[in-house]
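Colleague:
Numbering (this note's numbering), first residue to last: 11 to 227.
1) Looking only at C-alpha atoms, which of 114, 215 and 205 sits nearest to residue 43?
2) Counting pairs of beta carbons, one from the stretch 66 to 83 and one from the stretch 194 to 212, are three or more of them closer than 8 Å?
3) Around the C-beta of residue 98, are 16 or more other C-beta atoms found within 10 angstroms, so that it is buried, or is it exposed?
4) Could you give the residue range of the alpha helix (DSSP H) that holds residue 139?
5) Do residue 125 and residue 155 have their beta-carbon atoms positioned less than 8 Å apart in this structure?
6) For residue 54, collect the residues of the same chain with a Cβ closer than 6 Å to its Cβ; drop the 5 residues on either side in sequence, then sort them by chain order.
7) Where does residue 219 land, buried or exposed, given buried means 16+ other C-beta within 10 angstroms?
8) So, for residue 169: in the same chain, excluding its five sequence neighbours on each side, which residues have a beta-carbon less than 8 Å away from its beta-carbon?
9) Tell me, which residues are paired with residue 178 by DSSP?
10) CB residue 222 to CB residue 206, shorter than 8 Å?
11) Considering only their Cβ atoms, is the gap separating residue 179 from residue 122 smaller than 8 Å?
12) Compute the Euclidean distance between the alpha carbons of residue 15 and residue 35, then round it to the nearest angstrom.
13) Span of the alpha helix (DSSP H) holding residue 26?
14) Is the beta carbon of residue 28 closer than 8 Å to that of residue 142?
15) Tell me where the beta strand (DSSP E) around residue 63 begins and ends.
16) Helix, strand or coil: how does DSSP classify residue 52 here?
17) Which runs of the beta strand (DSSP E) fall wholly inside the stretch 166 to 222 and span at least 3 residues, in chain order?
18) Under 6 Å Cβ to Cβ from residue 32, same chain only, skipping five residues before and after it: list those, please.
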């Protein structure tokens, strides 16, 4: 297995789009990490996906074809019940050992909601948390989370790699304002969401008739 840090980007990927891929790539570059896209089975904080697990994996495989630094991890799809991140991190930590750095990649909104997650404080024992920040974005976090940031924050170029877990990093990334919800709405309206997602993904969605007006109705 690679000695690079291992970073995880979770989500429903319904469908995977260029915003997901750009965020994953920037994290891989800034952290010199291998990044796994981790589709959720039953996301605890989000609606049930439109596409089933096999369909979402089909699109992710097309999006990641030929990638060396980005790969797919389907373990949450193979696990029954809600996809709790703490369970995934515990499983991964057992696989990679204590020394290899694990990073959980979160957008600013997801990070702000972290105190509502299942066993959220335990996440810091299992991984670093890297927040995909937007330059100039103002942050208003709950007191419990502010305390964790104050105790754990370090710069992305600091020596967090000497620890397997426990730090909070903020990464300035180029935000692509693309949403899967908007893509689904365009497809349901018979519009063309070209350049919002990889061509191979869009072609497969068209071939399969997914998110089409009839399916949306």
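We put the CB at the ideal spot given by N, CA and C, even for glycine.
Because the structure is a prediction, the values reported are computed rather than measured.
Modeller: Reading from the atomic positions:
1) 114
2) yes
3) It counts as buried.
4) That residue, residue 139, is in no alpha helix (DSSP H); its beta strand (DSSP E) goes 138 to 143.
5) It is a contact, given that the beta carbons lie within the stated cut-off.
6) 92
7) exposed
8) none
9) 139 and 163
10) no
11) No, Cβ-Cβ distance for residue 122 and residue 179 is not below 8 Å.
12) Distance between residue 15 and residue 35, taken at the CA atoms: about 14 Å.
13) That residue, residue 26, is in no alpha helix (DSSP H); it is neither H nor E in DSSP.
14) no
15) Taken as a continuous stretch (DSSP letters only), residue 63 belongs to no beta strand (DSSP E), being part of the alpha helix (DSSP H) at 63 to 74.
16) strand
17) 178 to 182
18) Cβ within range, chain order: 186.
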